[in-house]
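A short worksheet on the structure shown next.
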Amino acid sequence: MPSTPRPPVSLQLWSLRDDVKASFARTVAAVAKLGYAGVETAGYGDLPAADAARAVADAGLKVTGMHVGWNDLASRLPELIDEALLLRSPYLVLAWLPRERFASVAACQKIGEQLDRFGDTLRAFGVQLAYHNHDAEYALLHGRPVFEWVLGAAQPRNLKAEVDLYWVQHAGYSPVQAIHDLGSRLPLLHLKDARELGQGPVDYPAVIAAARTVGAVEAYVVEQEEYTCPPLEAVRRDFAQLQAWGLA
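Reminder that position 204 of the sequence shown reads as 203 in numbering that gives the first Met the number 0, one-by-one numbering, no gaps.
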């Protein structure tokens with residue numbers, strides 16, 4: 000029986016935001032040298048989208064997703080589609096929503112319904128919409144995580160999830176349970192800890208086992224926000240830890 004291909008490891012470039020601002024091309028080349036197979040963008044630093052796409056290709060990387068804001072989805076969706084096609088990104092990912100947007104079940108469902116419409120438009124161009132959580136999405140509302148109310152108001156084909164495991168943990172919810180809750184709706188898994196991977200509260204061996212059991216993850220995406228060393232060295236250590244865990 001053939002083995003299942005191992006999902007590639009990508010780096011969310013917000014992890015190297017100052018480097019990206021100075022030189023997007025130099026930064027993605029450095030990321031490739033560390034061993035990462037892809038990047039997830041959060042803007043293109045000093046380059047327009049076309050040049051960023053060329054820099055990623057020149058580095059031998061793939062774009063696994065593009066983080067965007069709600070206002071971008073609402074006001075410039077055609078441009079985002081063009082950029083996603085240019086960078087060959089299979090996913091546009093809503094990066095964040097403020098906590099106050101989740102004031103009621105009805106408010107959460109309204110968000111999900113709008114994301115469903117955005118996602119339906121994107122699918123016509125071969126691009127999938129996903130939603131990246133913070134801790135607010137794992138606060139409980141009438142006994143269920145906010146994320147469930149939002150995702151439940153959208154068709155799975157139009158809205159997927161990119162679960163940020165650190166923020167799930169920070170909210171007091173089980174990252175392993177979150178993975179099982181979402182199942183096939185979880186193509187992108189954000190690997191983050193309070194410090195470098197394996198140095199914080201997330202039980203990564205249990206998380207990895209859960210992700211392999213579910214079998215839906217298409218890319219593991221590393222994000223580093225806090226540093227005990229220079230950012231590039233931090234993401235090198237993250238990759239080395241993933242190698243030790245058998246993910247890279």
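Think of the CB as a built atom: it goes at the ideal place given N, C-alpha and C, for glycine as much as any other residue.
Compute the Euclidean distance between the alpha carbons of Gly151 and Ala218, then round it to the nearest angstrom. 23 Å
Excluding sequence positions up to five away, which residues of its chain have a Cβ less than 7 Å from the Cβ of Ala29? Leu231
Residue nearest to Gly118 in terms of C-alpha spacing, selected from Val27, Phe101, Leu79 and Tyr137: Leu79
Between which two residues does the beta strand (DSSP E) containing Lys159 stretch? Lys159 to Asp163
Hey, how far is the Cα of Pro1 from the Cα of Val216? Note that Pro1 has pLDDT 44, beneath the 50 cutoff, so the model's placement of it is unreliable and the number below is only indicative. Roughly 18 Å between the two C-alpha positions.
Alpha-carbon to alpha-carbon, Trp244 and His66: 26 Å
What does a CB cutoff of less than 7 Å around His179 pick up in its chain, not counting 5 residues either side in sequence? Ala209 and Val213
Close beta carbons around Ala135, own chain, < 7 Å, minus the five adjacent residues each side: Arg98, Phe101 and Val145
Over the uninterrupted alpha helix (DSSP H) stretch that includes Lys109, give me the two end residues. Val104 to Arg122
Would Lys159 be called buried (16 or more neighbouring beta carbons within 10 Å of its own) or exposed? buried
Helix, strand or coil for Pro204, going by three-state DSSP, please let me know. helix
Please list the segments of the beta strand (DSSP E) lying wholly inside the segment 144–189, counting only runs of 3 or more residues, in order along the chain. 159–163
In or out: Ala83 buried (at least 16 other Cβ within 10 Å) or exposed? buried
Cβ-Cβ separation, Leu72 to Leu93 (assumed contact under 8 Å), whole Å: 7 Å
State buried or exposed for Gly64, treating a residue as buried only when at least 16 other CB atoms are found within 10 Å of its CB. buried
Nearest to Lys20 by CA position, among Tyr43, Gly34, Ala31 and Leu114, is which residue? Tyr43
Considering Cα atoms alone, identify which of Asp192, Leu128, Val55 and Tyr203 is closest to Val234. Asp192
Give the single residue among Ala123, Ala58, Gln198 and Gln113 whose Cα lies nearest to the Cα of Lys32. Ala58
First through last residue of the alpha helix (DSSP H) which encompasses Gln240: Pro230 to Ala243
To the nearest angstrom, how far is the alpha carbon of Leu181 from that of Ser173? 12 Å
Lys61 - containing beta strand (DSSP E), residue span: Lys61 to Val67
Taking the straight line between their C-alpha atoms, what separation do you get for Glu147 and Arg184? 12 Å
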